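Student: Residue numbers (the numbering used here), protein chains in the order written: chain V, 1 to 225; chain B, 226 to 647.
We treat Cβ as the ideally placed atom computed from N, Cα and C, and that holds for glycine.
Nothing here was measured: the structure is a model prediction, and the numbers come from that model.
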Amino acid sequence: MPSNSFLGVFAKSPLKPLEDHINLVNECAQLLTPFFERVYQLDWAGAEEIRKEISKLEKQADDIKRDLRTNLPSGLFMPINRQDILSLLTEQDKLANKAKDIAGRTIGRELQVPEPLHQSFKEYLARCLEASNQAKTAINELDELLEAGFRGREVNLVEKMIEKLDAIEDDTDSLQIHLRKGLMNIEAQLNPVDVMFLYKTIEWVGELADVAERVGSRLEMMLPG
Amino acid sequence: MDIINTYGLVLIVVAAAVGFLMAWGVGANDVANAMGTSVGSKALTIKQAIFIAMIFEFAGAYLAGGEVTATIRKGIIDSAYFIDTPELLVFGMIAALLSAGIWLAVASYLGWPVSTTHSIIGAIVGFAAVGVSADSVEWAKVGGIVGSWVITPAISGTIAYLIFMSAQKLIFDTDKPFKSAKRYVPFYMALAGFVMVLVTIKKGLKHVGLEIGTMDGYLISIGVAVGVGILGRLYINRIKFDESLDRSMHYTNVEKIFAILMVVTACCMAFAHGSNDVANAIGPLAAVVSVVNNGGEIVAKTPLVWWILPLGAFGIVSGLALFGHRVIRTIGKGITHLTPSRGFAAELAAASTVVIASGSGLPISTTQTLVGAVLGVGMARGIAALNLGVVRNIVVSWIITLPAGAALSIVFFYILKAVFVV
């Protein structure tokens with residue numbers, strides 16, 4: 001406590017770091033779009049540069065995560081459960097980790113996305129990243145939620161955002177089925193190991209949307225009713 | 226008797242000097258707590274806070290400080306025990322002032338958030354119970370005072386909870402929070418004005434020489450409240466709001482309106498603090514002066530000497546003029562995660578509780594009431610994070626203050642006795 005004032009009772013808010021964190025991990029995930037642009041063109045040097053950028057953002061997000069965890073002692077009185085905050089943070093962090101893994105493994109194998117799949121892969125990736133973006137938008141409502149005392153219209157607004165997030169995730173599932181089918185049609189002409197890795201990559205990209213959805217449901221758990 | 230007649234003037238001067246120093250300490254230290262919420266939520270700049278504090282602390286101390294002063298002066302100890310030895314009462318009160326002042330200085334130095342009220346009450350009880358006789362303490366009244374320390378934070382917490390919930394209902398949870406804020410904030414201003422004026426009229430104006438009847442009192446209070454509300458409304462209308470902010474952060478403008486409201490509640494808080502805490506410095510002084518002026522006779526009903534309240538008020542103001550700046554700046558630097566809409570609820574609740582308690586003569590702790598109010602807002606899910614560990618520390622330092630003040634005052638009591646009675 002700096003002085004003998006009672007203002008020491010006001011602890012550091014965990015909400016702002018949560019928002020900073022999701023903004024960073026989302027920025028990190030969104031870099032997958034330019035990354036795969038380079039991959040389609042087989043520009044491995046350019047892709048490597050973006051991978052480095054992704055990895056840098058992921059580290060920054062890790063720092064925020066560590067900071068928030070150490071600044072969240074158990075003696076805090078908060079409008080939301082401490083455990084909920086920590087598990088939300090863990091989920092958010094997975095977005096960056098997934099993005100880093102996807103970029104790293106794609107580069108590692110110089111994995112080519114076959115020409116006929118470009119269009120549907122682009123759409124699929126875009127939709128999955130949209131889920132991440134939507135999760136970011138919802139999490140950024142946290143300070144408004146606090147303003148509104150976690151009740152009333154603001155809660156409904158956030159619930160709508162989470163519903164939309166769920167809808168996006170549903171959508172990615174059907175896009176994934178479509179993409180797999182496309183891959184299956186041409187897999188006979190491809191190197192079998194590449195095919196396996198392509199299926200894996202499709203799965204990982206889909207997990208971005210799954211994680212984003214879980215971020216949304218953690219947020220939902222913080223809402224009343 | 227001889228001692229009083231011989232050293233009468235010396236005793237008054239000593240008591241007045243120590244009392245002034247104590248008031249000075251109250252101003253320098255406690256003002257941080259009284260004004261910290263406003264500065265912390267960025268509703269006021271440091272200069273504005275000092276300016277408001279000076280005016281309203283003085284007004285509160287002078288206009289509404291009489292009742293608590295009376296309690297401290299004659300409500301804690303049974304004067305029957307001092308009829309034969311009035312000098313003991315004089316020494317005791319001076320000792321109490323000295324010990325409370327020193328305890329505050331030590332605690333401030335160590336950074337402990339102690340309560341002025343607790344230290345003076347502990348000190349008075351200490352010298353009376355140990356130095357004179359345990360029976361000379363009005364234990365029932367002391368019990369009542371200590372009880373009020375438990376009840377007032379609960380009351381102000383409840384009020385803060387209700388005020389905050391009402392603001393949520395009326396303003397935040399509406400289609401157009403900004404419009405609702407413009408409409409309802411003046412009512413909160415009026416409420417703050419009402420509480421302040423009512424207590425002043427009912428309790429404060431008597432010793433200034435004005436007598437106002439009950440009905441008239443209410444009418445005037447309502448009149449002033451309406452006036453404050455209208456002025457607030459006009460002021461809000463005059464301010465230009467950046468409409469583009471509504472889109473990105475839709476509560477930004479709402480908080481700006483609450484920041485204006487906080488100017489009013491800050492006045493209220495300074496007033497409340499002055500009315501309650503001035504007594505900690507001048508209550509014992511008033512007792513000394515009363516004994517000496519009556520030639521050693523302890524008279525149950527003497528009016529407060531005219532210069533005492535202004536002396537205390539002036540002491541507080543000079544304390545905050547000299548040191549308040551530094552203390553408040555320390556607070557301004559610390560990041561306080563408190564928006565004006567929460568600060569207002571806490572301040573208005575604490576100020577109302579303190580002002581009402583002051584009116585009834587209960588010496589409560591301003592800081593304690595404020596902590597209760599902040600917890601009340603927290604209960605309403607209004608504050609991101611409150612440090613319960615710090616709350617515990619604060620409570621512990623309050624409790625330690627009672628025996629510490631008592632022990633010090635016992636020591637000073639015997640020293641004074643030894644110096645004068647040779």
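(1) With a CB to CB cut of under 6 angstroms and the five nearest residues on each side skipped, what residues in its chain are close to V339(B)?
(2) Residues in its own chain within less than 7 angstroms of K407(B) by CB, not counting five upstream and five downstream?
(3) Counting only C-beta atoms, is V9(V) closer than 7 angstroms to chain B at any point?
(4) When DSSP labels each residue in this structure, what does V516(B) get in the three-state scheme?
(5) Using only CA atoms, which one of V375(B), G382(B), S361(B) lies nearest to L595(B)?
(6) Pairing CB atoms from the region 154 to 172 of chain V with CB atoms from the region 127 to 145 of chain V, are three or more of them under 8 angstroms?
(7) What does the alpha-carbon distance come out to for the pair G216(V) and G499(B)?
(8) Just tell me which of G206(V), Q83(V), H21(V), E49(V) has its CA closest to the CA of R66(V).
(9) Less than 8 angstroms between the CB atoms is what I'm expecting for G291(B) and L459(B), so what's the real figure, rounded?
(10) Which residues share a DSSP beta bridge with N612(B)?
(11) Rank P402(B), I589(B), A385(B) by C-alpha distance to the C-alpha of G368(B) and give the top, closest one.
(12) With distances taken from CA atoms, which of S87(V), N133(V), T90(V), L129(V) is nearest F36(V)?
(13) Residues of chain V with CB under 9 angstroms from V596(B), in chain order?
(14) Using a C-beta cutoff of 7 angstroms, does S13(V) count as contacting chain B?
(15) If you measure from the beta carbon of F150(V) to each beta carbon in chain B, is any gap under 7 angstroms?
(16) Exposed or buried, which one is E141(V) when buried takes at least 16 other CB atoms within 10 Å?
(17) Check F548(B) in the structure and name its three-state DSSP category.
(18) Taking a contact to mean a Cβ-Cβ separation below 7 angstroms, would you say R606(B) touches F150(V) in this structure?
(19) In chain B, which residues lie with their C-beta within 8 angstroms of the C-beta of L76(V)?
(20) Return the chain-ordered list of same chain residues with a C-beta closer than 6 angstroms to the C-beta of L600(B), the five sequence neighbours on each side being excluded.
(21) Any beta-carbon of chain B closer than 7 angstroms to the one on E147(V)?
(22) Grab the span of the alpha helix (DSSP H) containing R151(V) for me, first residue to last.
(23) Mind checking the region 101 to 121 of chain V against chain B and listing, in chain order, the residues whose C-beta falls within less than 9 angstroms of any C-beta there?
(24) Within 10 Å of its beta-carbon, does V646(B) have 16 or more other beta-carbons around it, so buried, or fewer, so exposed?
(25) Please classify V211(V): does DSSP put it in a helix, a strand, or coil?
(26) Quick one: measure Cβ to Cβ for C28(V) and A96(V), integer angstroms, because I've assumed they're closer than 8 angstroms.
(27) Which residues in chain B have a C-beta closer than 7 angstroms to the C-beta of R69(V)? List them in chain order.
(28) Could you round the C-beta distance between A491(B) and I275(B) to whole angstroms and report it? I think they count as a contact, below 8 angstroms.
(29) State the CB to CB distance for the pair A325(B) and G630(B), rounded to an integer number of angstroms; the pair is presumed to be in contact (CB under 8 angstroms).
(30) Between the region 572 to 592 of chain B and the region 254 to 268 of chain B, are three or more C-beta pairs nearer than 8 angstroms?
(31) If we define contact as Cβ-Cβ less than 7 angstroms, is G630(B) a contact residue for chain V?
(32) Enumerate in chain order the residues of its own chain whose CB-to-CB distance from P34(V) is below 6 angstroms, with the five nearest sequence positions on each side excluded.
Tutor: So, to answer that:
(1) To locate residue 339(B), count along the second sequence from 1; it is residue 114. The answer, listed in chain order, is A332, S622, T626.
(2) Numbered from its first residue, the second sequence carries residue 407(B) at position 182. If we look at K407(B) and ignore the five residues flanking it on each side, its Cβ neighbours are I461, I482.
(3) Within the first sequence, the letter at position 9 stands for residue 9(V). So yes, V9(V) belongs to the interface.
(4) The residue you call residue 516(B) lines up with position 291 of the second sequence. The answer is helix: DSSP assigns V516(B) an H, G or I state.
(5) Your numbering for residue 595(B) matches position 370 in the second sequence. Taking only the C-alpha atoms, the option nearest L595(B) is G382(B).
(6) Contact between the region 154 to 172 of chain V and the region 127 to 145 of chain V is present: 3 or more CB-CB pairs across the two stretches fall below 8 angstroms.
(7) For this step, residue 216(V) is matched to residue 216 along the first sequence. For this step, residue 499(B) is matched to residue 274 along the second sequence. Rounded to whole angstroms, G216(V) to G499(B) spans 50 angstroms at the Cα level.
(8) Along the first sequence, read from residue 1 onward, the residue named residue 66(V) stands at position 66. For the set G206(V), Q83(V), H21(V), E49(V), the Cα lying nearest the Cα of R66(V) is the one of H21(V).
(9) By one-based count along the second sequence, residue 291(B) stands at place 66. By one-based count along the second sequence, residue 459(B) stands at place 234. Approximately 34 angstroms separates the beta-carbon atoms of G291(B) and L459(B); this is outside 8 angstroms, ruling out the contact.
(10) On the second sequence, position 387 is the one that residue 612(B) refers to. L76(V), per the DSSP bridge assignment.
(11) Counting from 1 along the second sequence, the entry for residue 368(B) is found at position 143. Closest option to G368(B), Cα to Cα, is I589(B).
(12) The count along the first sequence starts at 1 and reaches residue 36(V) at position 36. For the set S87(V), N133(V), T90(V), L129(V), the Cα lying nearest the Cα of F36(V) is the one of L129(V).
(13) Here residue 596(B) refers to the residue found at position 371 of the second sequence. For V596(B), the chain V residues whose C-beta falls within less than 9 angstroms of its own C-beta are F6, V9, listed in chain order.
(14) Locating residue 13(V) in the first sequence gives position 13, where the first residue counts as 1. Yes, its Cβ sits closer than 7 angstroms to a Cβ of chain B.
(15) Here residue 150(V) refers to the residue found at position 150 when the first sequence is read from its first residue. For F150(V), a Cβ of chain B is located within less than 7 angstroms of the residue's own Cβ.
(16) Translated into positions along the first sequence, residue 141(V) becomes position 141. Answer is buried; the Cβ neighbour count reaches 16.
(17) Numbered from 1 along the second sequence, position 323 holds the residue referred to as residue 548(B). DSSP places F548(B) in the helix class (H, G or I) of the three-state scheme.
(18) Within the second sequence, residue 606(B) is the residue found at index 381, counting from 1. Within the first sequence, residue 150(V) is the residue found at index 150, counting from 1. Against a cut-off of 7 angstroms, the Cβ pair of F150(V) and R606(B) comes out as a contact.
(19) Within the first sequence, numbered from 1, the residue matching residue 76(V) stands at position 76. Within 8 angstroms Cβ-Cβ: A610, L611, N612, L613.
(20) On the second sequence, position 375 is the one that residue 600(B) refers to. Closer than 6 angstroms at Cβ, skipping near neighbours: G382.
(21) Here residue 147(V) corresponds to residue number 147 of the first sequence, with the count starting at 1. Answer yes: the Cβ-Cβ gap between E147(V) and chain B drops below 7 angstroms somewhere.
(22) To locate residue 151(V), count along the first sequence from 1; it is residue 151. Element bounds for R151(V): n/a, residue is neither H nor E.
(23) For the region 101 to 121 of chain V, no residue has a beta-carbon sitting nearer than 9 angstroms to a beta-carbon of chain B.
(24) For the purposes of this step, residue 646(B) is taken as the residue at position 421 of the second sequence. By the 10 Å Cβ count, V646(B) comes out exposed.
(25) On the first sequence, residue 211(V) is found 211 positions in, with the first residue counted as 1. Three-state DSSP puts V211(V) in a helix.
(26) Locating residue 28(V) in the first sequence gives position 28, where the first residue counts as 1. Locating residue 96(V) in the first sequence gives position 96, where the first residue counts as 1. For a cut-off of 8 angstroms, the C-beta gap from C28(V) to A96(V) is around 5 angstroms, short enough to register as a contact.
(27) Here residue 69(V) is taken as the residue at index 69 of the first sequence, counted from 1. Simply none; closest approach about 14 angstroms.
(28) Position 266 of the second sequence, counting from 1, holds the residue named residue 491(B). Position 50 of the second sequence, counting from 1, holds the residue named residue 275(B). Not confirmed; about 11 angstroms, so no contact.
(29) Residue 325(B) sits at position 100 when you count from the first residue of the second sequence. Residue 630(B) sits at position 405 when you count from the first residue of the second sequence. At roughly 6 angstroms, the Cβ-Cβ gap stays under 8 angstroms, so A325(B) and G630(B) are in contact.
(30) Contact check between the region 572 to 592 of chain B and the region 254 to 268 of chain B: three or more CB pairs, one atom from each, fall below 8 angstroms, which counts as touching.
(31) For this step, residue 630(B) is matched to residue 405 along the second sequence. So no, G630(B) is outside the interface.
(32) Sequence index remark: in the first sequence, residue 34(V) carries index 34 (1-based). Closer than 6 angstroms at the Cβ level, and outside the excluded window around P34(V), lie I50.
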